[in-house]
Structures are given as structure tokens and as C-alpha cells.
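Residue numbers (this note's numbering): 221 to 972.
The structure under discussion appears below in the form of C-alpha cells.
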């Protein structure tokens, strides 16, 4: 049928018989042809619609999990901040290690501008060598070295950071540029440690120079594997061309964000000897980066966005270096917070906390255990913000918070004779009650910076807390229009959000989002883009996608790869919340059949995970359905398992906590591990876990923690190999090969 070959044979005609010509081939009627074309077109449209649906929910999964991770980071930052500000007064001995990291005392060795000369560069070093002041040959050598995966020596890293620091100290908070001196200015969005994207931009658009000026709009580091290389290249061109290379600060130019998202770990792995000094200097340099750029007085470029209280004049006058991290609200003294008195009332406050407002999306149908209700309420009410009558909508808050901080009436006590309003300050997944502090100028400066770094646009009018991401605010078209008119601007360009096409226009074209890291979530998940603006101030968009394999795949194959990665991440979420989900399912399953209605299944997932996903659409991919259409809820967890079989000493409660907070635990123990040897004493393990679990609202017996510590200490030398500990509590897909999970050493390990 259509695929074979036909052979024509010629026969001699019969003598005397006339040969008739072949019958003409019948052609289909135009109506039949049109009908076939319509059917094909209808099928193709359905095919593309299904593909687009899969692409969209894959994107929603990736983005929801990313923002949930940022909310977890804000909770962990609250924990660190509370410990740093109040642990010394409450317990008599402060957290020295956390204090060093969050508010480090700059090493006097670093203050000396010639400190890097004390670091010898061995003859065997084959990486790029820099001389100062930098020249074009130096940046070319750096570019070539990074292309060939040759790292930069610690001496040159420190020297380049010092030169960058001196330059940034002279720069204003808001940099003003003009197109009168050049044809066009190129604006790039988030790079997130993806060196290949940066190299492709330089290849397509040209290296930074007087003829090719650039504005890079924050988030240079974290998530990617080459953050050091990306940031060193940008700083080198900044030092070489300070008038033509401009860098705005992003929300990931923040040492607390770097703890979770990889930059701190990358530095310590590549520079084992001088890593701590390099990180301290990075912290100083990040806090000195300008906050905004204005082109021709008409185009405002900020990393995140704005709020209804954003004031560019006030923003240009603040001391930006004071805000080392936007995740830490200004420090309070004991006199302002009265922590010593209020913390003695925490248990009493929680015992009477029956009227705490719940989430607007909570579901009363699902009855929760007391422990679940405690964690649910604390997540909904927790926030890291201060309040004042003129404050903006910015906040560092948990998902779906109705107000940034909830004032509540505290009953009179002998220590506090009058009843006063108190604030619920998040302390991991629990709350600590403190009196509201007085408004200070530091608060306003901090809020202005949080708005600039963390906010996102929305289509609705007005300004509200950014509850989905957990920090900053949502600003509507009216907020954009008001700020543009107030300052005589025409356009706002921002980054901060991954877009499938690399860019997106909203608010009637007055707000542009630009994102320059392609394949951000998964190979083929999105394009990268950059903008070029000339004297006409009309933006032109250039898209690209770095890939060695994507172009060989069909659209269906690309969607399938991204979809598989997203579903694996989502199933890990299900596994780490297994006990809460099972409790919710069982409460709906009154007859203990193992099945629940689809609506009940979706309701439980939404109330526990709070990811705002199309659960009904995802049902066939996450669970099995019985013949009557009900969902067999235990099938949600069949595809996932621990990295290694659980130790018999680990109780289910402790095991789930370890799975769920694995990333947070890794951050805390990396802080404890001063020499980054990967070994932690059993005493440190026990003390930190007791503190950590006490504020998670999870009842974990001390004996279980001690048994776990002794079990992990395989060689009985009194210390725990933390790498093995994390491997034991890693969630994997049953079909994944465990051999592919190991990671080799980086090329820069031997270059201290």
C-alpha cells in the first residue's frame, strides 16, 4: 500500500487488434479535497492545543515549585535573623557561626588592599593571569580561559573584587545613561550562572566596548554551575569599561539567597583555602551594586519592579550598602522588641490563639490534626515585615497572607501590666509574638530596596503583597502609570521572572520583562532574550537558545522532556508531604476503601501543598483511578522512594522532616561545618536538630535524634559524614539510575 514498487511489463499486441489507450485517472472532487484538508487542519489544531496545554501546566509546575522554594528561603532567613538578633539575650550564648555568616566582621586581612599579594600563584597554574589596571588583552585571556574551563586563581579573584569594590563605591544608586554617545544600548536579564548564555550574547551582539554598551539587570549568580565565571567576566568588563558596562543588583545578589541556591557552595568548592574571604568580599561588592538604571530619562530599568510607595528620589539618597541582604529586615534592639518579655508569653499566646485568621483559599471540609493546623496557620500568618501607617505593600511574607504581620491583643501580665498589640514574627514554621517596633528610617530604606528587587507586575489594579513568591509586592497598571507620569518616564524594563519566549510585555506595553537564561528549568523549557534600545527608545528583541541537543528534537520531544522533569519534581513534593496528604485523604475516605472522589483528591493536594496547579488535569499523571472514577490515593507515592533504605532507628515523623527540609538542613550544617570538611560532630548535630525541630512544630523525641546520629556515624569516630547523611535522605524516582546521581569534583578544586 503505497510503499512498494511497481514494475511495468511490455507485451506484444495481438496482431490485428486495436490497442485502446489507458483509462484516465479519476481526480477527487474539490469538495472532497476541501473536506480532507479541514479534517487534517482540525486534527493538527487539536494536536497543537494538547501540546500547548502540556507545555503550560509543565511551566506552572516549574514556576510554582520555584516560588515555593523562595518562600522556604524566606522562612529560613527569618529563623537566622531571629537567632542572630535575640538568641544571645535569651540564652546567654549567641550563634557564633551564623553571626559570622550573616553579619560577618570583616577580616582585617581583607581590609588591606594588598592582601591578595600574599597569595602565591604557582608556576603550575595554567589559568588566565591578570594584570592591573586591566586591559583588553586581560579580558580576552579571561574569556578564553573560561571557554576552556580553566578557572581563575584566588589571588586574581580577590584582586578583581577589590578593584570592583573601589569602582562601585563611586557610583550612585541610580545610574543615568544617554544614547547620544552610542547607537544602541543592550539590556540583558537574569543569567543565573549560565556561562554559555553570556558567551552567546557576546558572540551575537559583540563584546562590551564603547561601541557596544551593556546593562545587565541582576541575578548573575545562583542555580547555574558557572556563577563564578559569569560574575568575574561581568566585573572584569565593568572595571575595563566603567562608562559602558552597567550592572544592577538583583534579588540573588544576596548572601542569604546564595546559601540556598548554590553560589556559596560553588565558591567554597572551587576555592577551598580562600573561599571564606572571597565570599565576604562578594557580600560587600553585592551590597554596592546600583539599584536602578535610567536611559535618556525615559526608560527605568530595575530588577524586580515597583510598588505604590516607590520613590526614586528617596531611593537615590539612601545608603544602599547598609542593606547587605534584603531578606533581613532592620535589626531591632531589645528595648524596641521587648523580646525577653514577649517570648516568655509565647506558649500562652499560642494556647489562646484560636481566632487567628486563615487563608482565603483554605478549605473547611478537610479536618486537620492539631499538629497540621499549627503548621498550616503559622505558614499563612507568618511574615517578615514591619508596619507603619505609610508603609508600602512590600513584604517578606508566606503564601496567601492577608496581612504582612497580624497585630493581636496580648493579655495583661505581671511583667506587662497593660494589654498591648503584638506581632507574629515567623520563626521557621512557628511564630514568636513580639510588640510592634516603632517605624524607623531604616525600615523605609529597606522596603524601597525590597520593592525594587522582589516585586512582580499583575494585570489587576492596585498594589498588594506578593504572596505567591513570598517577597515584595504585586503592582498593577495604575501603579505603573502613576510612577511613569510622576518621573516623566515612558517605559519600565525589569527581569526577575522566567518567560517562555525570553521576554513579555504587560501593562499596555509600558512594562517589559526580559530574561536571558535559556533552558532555565529544563533543556528546551524556554528561550533567552536581550533588548536593544536606540535613540528612538523603541525596544528591539533578540531571542536565542543555547543547546546542543534541543534543535535535534521535535516539539513533541522537547515538551515530553520538560514535562517529565517537572512531574518528577512534583512527585518529590508529594512524597515529602506524604503523612499530611495521607491524613487528609483518610479523613475523606470514611469507609477506608483507599479511594476518594476526584474533587476531594484535588482539595487535599491544594490545601496541603498550596501550589495553585490544575490538579484535575494532572490527575492521570500523578495517580490511578478506579473503575468508578474515584482516585486510589496511595498510588500518588508509588513512583518515589528514599535514596537508600531508611535506617530502622529513624521514626516516620523524623524521616519525613528530613526529606522535607533537606535543603534547609544542608544550609544550616554548611554553616556549622567551619572548615567545609563535610564532617560534623555528633554534639553539633544533636544540638542543632533539637533547636531546629523545636520550632518546626514537629514532635521529635530526643532519643530518636541520638539514635539517628549514632547510626549515621558509621566508623564511630564521633563525627558525621554529612554528604552521606544527605544522600540517605534524598528522594529519587524508582526508574532513575542511582549511578547518575553522583557528581564529580569541579575543575577548580585544586586552585585555592
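Ideal Cβ placement from N, Cα and C applies to all residues, glycine included.
Please go through the same chain and pick out, in chain order, the residues whose beta-carbon is closer than 8 Å to the beta-carbon of residue 637, but skip the five residues on each side of it. The predicted model places residue 637 with a pLDDT of 37, which falls under 50 and marks its position as unreliable; any figure quoted below should be read in that light. Within the same chain, residue 637 has no close Cβ partners at all.
How big is the Cα-Cα spacing for residue 691 and residue 523? 13 Å
Anyone know if the C-beta pair for residue 383 and residue 505 falls short of 8 Å? no
Alpha carbon to alpha carbon, how far is residue 685 from residue 611? Give it in angstroms, no decimals. Reliability of the predicted coordinates at residue 611 is poor, the pLDDT of 42 falling under 50, and the value obtained from them is presented with this limitation in mind. Using only the alpha carbons, I get a separation of about 12 Å.
If you count every other CB in all the chains shown that lies within 10 Å of the CB of residue 273, and 16 or more means buried, which is it? exposed
Below 8 Å CB to CB, which residues in the same chain sit around residue 846 once its five sequence neighbours on both sides are set aside? 815, 852
Measure the alpha-carbon distance for residue 379 versus residue 449 and round it to whole angstroms. 15 Å
List in chain order: all unbroken alpha helix (DSSP H) runs of 4+ residues lying wholly within the segment 488–535. 495–508
Please classify residue 283 as buried or exposed, where buried requires at least 16 other C-beta atoms within 10 Å of its C-beta. buried
If you follow the beta strand (DSSP E) that residue 399 is in, where does it begin and where does it stop? Taken as a continuous stretch (DSSP letters only), residue 399 belongs to no beta strand (DSSP E), as it is neither H nor E.
Using only the alpha-carbon positions, how far apart do residue 311 and residue 507 sit? Unreliable positioning characterises residue 311 in this predicted model, as indicated by a pLDDT of 38, which lies under 50. A coordinate reading is not provided.
Which value, in whole angstroms, describes the spacing of the CA atoms of residue 842 and residue 856? 6 Å
Would a C-beta distance cut-off of 8 Å place residue 734 and residue 437 closer than the cut-off? yes
Check this for me: beta carbons of residue 536 and residue 394, under 8 Å apart or not? yes
Could you please give me the residues that DSSP links to residue 711 through a beta bridge? 519
Identity of the residue in 349, 729, 388, 350 nearest residue 678 by Cα: 729
Between the segment 782–789 and the segment 818–831, can you find at least three pairs of beta-carbon atoms closer than 8 Å? no
Bridge partners of residue 752, per DSSP? 406, 760
Reduced DSSP category for residue 434 - H, G, I as helix; E, B as strand; rest coil: strand
Under three-state DSSP, which class holds residue 352? coil
Would you tell me roughly how many angstroms separate the C-alpha atoms of residue 737 and residue 413, rounded to the nearest one? 9 Å
Residue 731 lies in the beta strand (DSSP E); which residues open and close that run? 731–734
Please classify residue 831: is it buried, with 16 or more other beta-carbons within 10 angstroms of its beta-carbon, or exposed? buried
Tell me whether residue 856 sits in a helix, a strand or coil according to DSSP, three-state version. helix
Using three-state DSSP, classify residue 593 as helix, strand or coil. Low per-residue confidence applies at residue 593: pLDDT is 40, beneath 50, and the placement is therefore not dependable enough to give any value.
Once DSSP output is grouped into helix, strand and coil, what is the label at residue 785? helix
Quick one: Cα of residue 279 to Cα of residue 743, how far? 13 Å
Give me the DSSP bridge partner(s) of residue 723. 734
Consult DSSP for residue 372 and reduce its assignment to one of helix, strand or coil. coil
For residue 625, count neighbouring C-beta atoms within 10 Å of its own C-beta (all shown protein chains included) and say buried if the count is 16 or more, exposed if not. Because the pLDDT at residue 625 is just 36, under 50, the model does not fix this residue reliably, and the value given afterwards should be weighed accordingly. Residue 625 should be labelled buried.
Measuring CB atoms only, is the segment 467–482 touching the segment 437–446, in the sense that at least three cross pairs come out at less than 8 Å? yes
Which residue wins for smallest C-alpha separation from residue 463, given the options 792, 490, 430? 430
Using a threshold of 8 Å, state whether the C-beta atoms of residue 546 and residue 669 are closer than that. yes
According to DSSP, simplified to helix, strand and coil, what is residue 626? At residue 626, the pLDDT of 39 sits below 50, so the modelled position is not reliable; the number obtained from the coordinates is stated separately. Coil, per DSSP.
Within 10 angstroms of its Cβ, does residue 360 collect 16 or more other Cβ (buried), or is it exposed? exposed
Please state whether the Cβ-Cβ distance between residue 838 and residue 267 is less than 8 Å. no
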